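Quick mapping for you: the protein sequence lines, in order, are chains A and B. Position 30 of the first sequence, counting from 1, maps to 32 under this note's numbering, and the rest follow consecutively. Position 34 of the second sequence, counting from 1, maps to 1425 under this note's numbering, and the rest follow consecutively. Below: the structure, in structure tokens.
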Amino acid sequence: NAGVTQTPKFQVLKTGQSMTLQCAQDMNHNSMYWYRQDPGMGLRLIYYSASEGTTDKGEVPNGYNVSRLNKREFSLRLESAAPSQTSVYFCASIVAGLSDEQFFGPGTRLTVL
Amino acid sequence: AQTVTQSQPEMSVQEAETVTLSCTYDTSESDYYLFWYKQPPSRQMILVIRQEAYKQQNATENRFSVNFQKAAKSFSLKISDSQLGDAAMYFCAYRSTTTSGTYKYIFGTGTRLKVLA
């Protein structure tokens, strides 16, 4: 039982490049989330998914797309990376209605030059 | 929209002493959950304690306890007998229910706690 896993752990991109951050959970959770963490800003919600095939915008969705193709995986895509997207990205999941606790992945540190 | 405010960017405490971290929130909901998360230098987010809004009794987990004042919309975390391992960033979080039936979490900006030996 690995919990919530994220790949990669670190990534450096050049402005304009694209990439996908991967997240997977093996806890059979329904809901999954993507956050970004910036100094002095706390964690801000980018997108979330209540269940397979559904996604909703969070607080800061601009510049990102997500995909929830199955129950386990929730990916975050940057189509054209910008320096403002330099951040630490966290994926999280819960079983809505059954669990109080949000389980977090280890995070991905992304730098856009 | 709900908001969460942590007004103390940084706090220090002597080892074995007690420290209180502040959190206030704004909401029009009557039923919700509040959480404190700890983030050590490893970056891993760790749940410290949770409080259900409809429960008047303050939650306690070993050396960690909260002072939940629903009318004042205040949710402070008290750490007793502070240990060096308590040094971390602490985030207050509010959980609300979305129209799609899942939860959304709003986090404060965090308080960095330093523990002095």
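From the three backbone atoms N, C-alpha and C, an ideal C-beta is built for every residue, glycine too. Here the structure is a predicted model, which is why all the values come from computation and not from measurement.
With 7 angstroms set as the bound, which would you pick, yes or no: does the beta-carbon of residue i sit closer than that to a beta-carbon of chain B?
i: L45 of chain A; result: yes
i: A52 of chain A; result: yes
i: G42 of chain A; result: yes
i: E75 of chain A; result: no
i: G109 of chain A; result: yes
i: F106 of chain A; result: yes
i: E81 of chain A; result: no
For residue i, tell me which candidate among the options has the shortest Cα-Cα distance.
i: A1438 of chain B; options: B:A1479, B:V1506, B:A1392, B:T1493; result: First, the residue type needs correcting, since residue 1438 of chain B is Leu and not Ala in the sequence shown. Checked all of B:A1479, B:V1506, B:A1392, B:T1493; the closest Cα to L1438 of chain B is B:A1479.
i: T110 of chain A; options: A:Q104, A:E103, A:A94; result: A:A94
i: L115 of chain A; options: A:R70, A:N64, A:R38, A:T17; result: A:T17
i: S82 of chain A; options: A:Q19, A:T9, A:S89, A:F12; result: A:Q19
i: D1422 of chain B; options: B:S1403, B:T1502, B:Y1494, B:T1396; result: B:Y1494
i: T1394 of chain B; options: B:L1425, B:Q1430, B:V1404; result: B:L1425
i: V1457 of chain B; options: B:M1436, B:Q1435, B:V1410, B:P1432; result: B:V1410
i: S33 of chain A; options: A:E103, A:F105, A:V97, A:T113; result: A:V97
i: D1417 of chain B; options: B:F1466, B:T1451, B:K1429, B:T1489; result: B:F1466
i: Q1460 of chain B; options: B:A1407, B:T1415, B:T1396; result: B:T1415
i: S86 of chain A; options: A:T113, A:R70, A:E61, A:R74; result: A:T113
List the residues of chain B whose Cβ lies closer than 8 angstroms to the Cβ of residue i, in chain order.
i: T56 of chain A; result: S1491
i: S33 of chain A; result: T1493, Y1494
i: F92 of chain A; result: M1436
At 8 angstroms on the CB atoms, spell out the chain A contacts of residue i, in chain order.
i: K1495 of chain B; result: L47, Y50, G60
Here's the rule I'm using: 16 or more other beta-carbon atoms within 10 Å means buried, otherwise exposed. How should residue i be labelled?
i: V14 of chain A; result: exposed
i: R79 of chain A; result: exposed
i: A1485 of chain B; result: It should be noted that the sequence gives Tyr, not Ala, for residue 1485 of chain B. With 16 or more other Cβ atoms within 10 Å, it is buried.
i: L47 of chain A; result: buried
i: K1505 of chain B; result: exposed
i: S1433 of chain B; result: exposed
i: K59 of chain A; result: exposed
i: G55 of chain A; result: exposed
i: K1446 of chain B; result: exposed
Flag residue i as yes if its beta-carbon sits less than 7 angstroms from any beta-carbon of chain A, otherwise no.
i: R1503 of chain B; result: no
i: M1402 of chain B; result: no
i: T1500 of chain B; result: yes
i: L1438 of chain B; result: yes
Given that residue i touches chain A, what residues does it touch there, using C-beta distances under 7 angstroms?
i: R1454 of chain B; result: The contacting residues do not exist; R1454 of chain B stays about 19 angstroms from chain A at best.
i: F1459 of chain B; result: Within 7 angstroms Cβ-Cβ: nothing; F1459 of chain B doesn't reach chain A, min ~15 angstroms.
So residue i contacts chain A; which residues on that side make the cut at Cβ distance below 9 angstroms?
i: T1396 of chain B; result: What T1396 of chain B touches in chain A: nothing, since even the nearest Cβ is about 10 angstroms away.
i: F1373 of chain B; result: Outside the displayed range of chain B (1392 to 1508) lies residue 1373 of chain B, so it cannot be described from this structure.
Counting along the chain, where does the beta strand (DSSP E) carrying residue i start and finish?
i: V1439 of chain B; result: 1437 to 1443
i: D1472 of chain B; result: Element bounds for D1472 of chain B: n/a, residue is neither H nor E.
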